[in-house]
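Participant: Residue 29 is where the sequence shown starts when you use the numbering used here, and the numbers rise one by one after that. For each residue, glycine too, the CB sits at the ideal point set by N, CA and C. What follows is a single structure, and I will ask about it in a moment.
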Amino acid sequence: MATFKNIESLGALDGKRVLVRADLNVPMQDGEVSDDTRIRSVTPTIKALAAKGAKVIVMSHFGRPKGQVVPDMSLEALGQPLANITRLPVAFINDCIGDDVTETIDAMENGSVLLLENVRFYPGEEKNDPEFTKLLAANGDAYVNDAFSCCHRAHASTEGIAHLLPSAAGLALEAELVALENALGTPKHPVAAVVGGAKVSTKLDVLTHLVEKVDHLIIGGGMANTFLAAQGVDVGKSLCEHDLADTARDILGRAEKAGCTLHLPTDVVVAKEFAANAENRTVALDQVAADDMILDVGAASVADLSAALHGCKTLIWNGPMGAFEIEPFDKATVALAKAAAELTDEGSLLSVAGGGDTVAALNHAGVAEKFTHISTAGGAFLEWMEGKELPGVKVLEV
Ligand code: ADP
Ligand code: MG
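Shown next, in the form of structure tokens:
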């Protein structure tokens, strides 16, 4: 089992310049932060470093400026929100490398925070350019990465810099890595995975990796239609990737070989239109009419799936079971989420979930806090579920 360098391993930090990679690429609306999850997530690390007397220098990207200065994508707007949430004074400087930055850091009080300008204003950031990386590292005595959501990218501020400075995972990244390791690295068996969402095509690598790793693979959402159709079920007008029938059959075969029980719905909720409160019926698989759309998993299937979860020790979840944004097609997602939350609460299940819509669905079900761990990283979480090595994580291994 991989272990990672943590902040303690950096030793005494009093008066030291610590470069912290955060993900401050938060959604904004009319100049205001509309979701501050990522700012809150890096706050314990910033506070811990400040409490150790470090000069805390925060770097991040914001938007996709593609190596140019784009004033709309300045991080200056994040200075005040960062100060409000950390309750520390935060200064901002309009560059991330160079002499002005060096001088500003020299003049910083120990325990204070400086926010650097968007690292992606330089093309060297995304290219992981050695010269740019050197200039970034020149302003630090140590490097702390607390941005799991950026770890699937080998960029200067997420990967390159860790080769040049004493480096460590921040508190949020450390917690994330422990949770993910417990869920899929060295989990307690039996392990169940729930994979849902719209399409098989976006999660092919996830499915092929998971059949080798988990004991139960529960497939729901639109992607279940592709599997059902591949087995000869008429799915009517449902969202379905008919061209992936062979792929779906291949995954079914791999699951069987690996001893992974694959669960598909046995009853489904159908409607004639994709709309809130559309007239709907719960039917058996052979009762889907030509003009029906499958929009959710049926109640009998949900009962079976909940029963399967009862026997499991670990759960990893990505993707809703149905079109949860429109009622009443949120029912299966909500019911299964509640079942998982209850088992977690009782201490019999370790539950980890991630994905943009999945987090929204679990919040909608009101159970997000009950899960052992919720990952708010999008791409990084999926790549981890695909079994890929994340460069920003790899470089922090002990
Ligand atoms: P995540 O963002 O958590 O990775 P996805 O983006 O893969 O999840 O999938 C979420 C989307 O899948 C939602 O917009 C949901 O409405 C859609 N979806 C789920 N089930 C169905 C279905 N049966 N028919 C159509 N869309 C569905
Ligand atoms: Mg999504």
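Go ahead and label Pro426 buried or exposed: buried means 16 or more other beta carbons lie within 10 angstroms of its beta carbon, across all protein chains shown.
Facilitator: The residue you call residue 426 lines up with position 398 of the sequence shown. It is Val, not Pro, that sits at residue 426 in the sequence shown. By the neighbour-count rule (16 or more Cβ atoms within 10 Å), Val426 is not buried but exposed.
Participant: Inspect the beta-carbon positions of Asp233 and Glu417 and report whether they are closer than 7 Å.
Facilitator: As a first step, residue 233 must be located in the sequence shown, where it is residue number 205. As a first step, residue 417 must be located in the sequence shown, where it is residue number 389. No; because the gap between Cβ atoms is not below 7 Å, this pair is not in contact.
Participant: So, are the CB atoms of Lys265 and Met321 less than 7 Å apart?
Facilitator: Numbered from 1 along the sequence shown, position 237 holds the residue referred to as residue 265. Numbered from 1 along the sequence shown, position 293 holds the residue referred to as residue 321. Yes. Within cutoff.
Participant: Taking all protein chains shown into account, decide if Ser329 is buried (16 or more other Cβ within 10 angstroms of its Cβ) or exposed.
Facilitator: As a working mapping, residue 329 is identified with position 301 in the sequence shown. By the 10 Å Cβ count, Ser329 comes out buried.
Participant: Could you tell me the alpha carbon to alpha carbon distance between Arg66 and Pro72, rounded to whole angstroms?
Facilitator: In the sequence shown, counting from the first residue as 1, residue 66 sits at position 38. In the sequence shown, counting from the first residue as 1, residue 72 sits at position 44. One C-alpha to the other measures close to 11 Å.
Participant: Run the CB neighbour count on Lys80, radius 10 Å, all protein chains shown included, and call it buried at 16 or more, exposed below.
Facilitator: Taking the first residue of the sequence shown as 1, we reach residue 80 at position 52. Counting Cβ neighbours within 10 Å, Lys80 comes out buried, since at least 16 surround it.
Participant: Quick check for students: name the residue ranges of the beta strand (DSSP E) that lie wholly in the stretch 128-158, counting only runs of 3 or more.
Facilitator: You should have 141-144.
Participant: Strictly closer than 5 Å from CB to any heavy atom of ligand 2: give me those residues in the order they appear in the chain.
Facilitator: Result: Gly384, Asp385.
Participant: How many Å lie between Val395 and Val239 at the Cα?
Facilitator: To locate residue 395, count along the sequence shown from 1; it is residue 367. To locate residue 239, count along the sequence shown from 1; it is residue 211. Cα-Cα distance, rounded: 27 Å.
Participant: Comparing C-alpha positions only, which one of Leu377, Asp319, Val46, Leu41 sits nearest to Met87?
Facilitator: In the sequence shown, residue 87 corresponds to position 59, counting from 1. It is Val46.
Participant: Where does Ser69 sit, in a helix, a strand or coil, going by DSSP?
Facilitator: Residue 69 sits at position 41 when you count from the first residue of the sequence shown. Of the three classes helix, strand and coil, the one that applies to Ser69 here is helix, per DSSP.
Participant: Please classify Thr5 as buried or exposed, where buried requires at least 16 neighbouring CB atoms within 10 angstroms.
Facilitator: Given a span of 29 to 426 for the chain in the structure shown, any question on residue 5 remains unanswerable.
Participant: Rounding to the nearest angstrom, what Cα-Cα distance links Leu116 and Val61 in this structure?
Facilitator: For the purposes of this step, residue 116 is taken as the residue at position 88 of the sequence shown. For the purposes of this step, residue 61 is taken as the residue at position 33 of the sequence shown. For Leu116 and Val61, the distance between alpha carbons rounds to 18 Å.
Participant: Following a CB-centred definition, is Leu267 positioned closer than 6 Å to any heavy atom of ligand 1?
Facilitator: In the sequence shown, counting from the first residue as 1, residue 267 sits at position 239. Yes, the beta carbon of Leu267 sits closer than 6 Å to at least one heavy atom of ligand 1.
Participant: Have a look at Pro109 and Lys155 and give me their C-alpha separation to the nearest angstrom.
Facilitator: Your numbering for residue 109 matches position 81 in the sequence shown. Your numbering for residue 155 matches position 127 in the sequence shown. Approximately 29 Å between the Cα atoms of the pair.
Participant: Which first and last residues belong to the alpha helix (DSSP H) in which Ser88 is found?
Facilitator: Looking up residue 88 in the sequence shown gives position 60. From DSSP, Ser88 is part of no alpha helix (DSSP H); its letter is neither H nor E.
Participant: Determine contact between the stretch 333-345 and the stretch 266-285, defined as no fewer than three beta-carbon pairs at a distance below 8 Å.
Facilitator: Taking 8 Å as the limit for Cβ pairs, the verdict is that the stretch 266-285 does not touch the stretch 333-345.
Participant: Should Leu245 be listed as close to ligand 1, given that the test is whether its C-beta is under 6 Å from any heavy atom?
Facilitator: Along the sequence shown, read from residue 1 onward, the residue named residue 245 stands at position 217. Not so, every heavy atom of ligand 1 lies at least 6 Å from the Cβ.
Participant: Quick one: what does DSSP say Arg49 is sitting in, helix, strand or coil?
Facilitator: Taking the sequence shown and counting its residues from 1, the one referred to as residue 49 is at position 21. In this structure, Arg49 counts as strand in the three-state DSSP scheme.
Participant: Quick check on this structure: which residue in Val325, Val172, Leu323 has the alpha carbon closest to the alpha carbon of Leu201?
Facilitator: Position 173 of the sequence shown, counted from the first residue, corresponds to residue 201. Among Val325, Val172, Leu323, the Cα nearest to that of Leu201 belongs to Val172.
Participant: Sorry if obvious, but does the Cβ on Leu390 come closer than 6 Å to a heavy atom of ligand 1?
Facilitator: The residue labelled residue 390 in the question sits at position 362 within the sequence shown. Result no, Cβ not under 6 Å from ligand 1.
Participant: Report the partner residues of Gly382 according to the DSSP bridge assignment.
Facilitator: For the purposes of this step, residue 382 is identified with residue 354 of the sequence shown, where counting begins at 1. BP columns for Gly382 point to Ser403.
Participant: Between the alpha carbons of Lys94 and Gly407, how many angstroms are there, rounded?
Facilitator: The sequence position of residue 94 within the sequence shown is 66, counting from 1. The sequence position of residue 407 within the sequence shown is 379, counting from 1. Computed Cα separation, rounded: 19 Å.
Participant: Thinking just about the alpha-carbon of each residue, which of Asn391, Leu378, Val423 is nearest to the one in Asp208?
Facilitator: The sequence position of residue 208 within the sequence shown is 180, counting from 1. Reading off the sequence, residue 208 comes out as Leu, not Asp. Closest option to Leu208, Cα to Cα, is Leu378.
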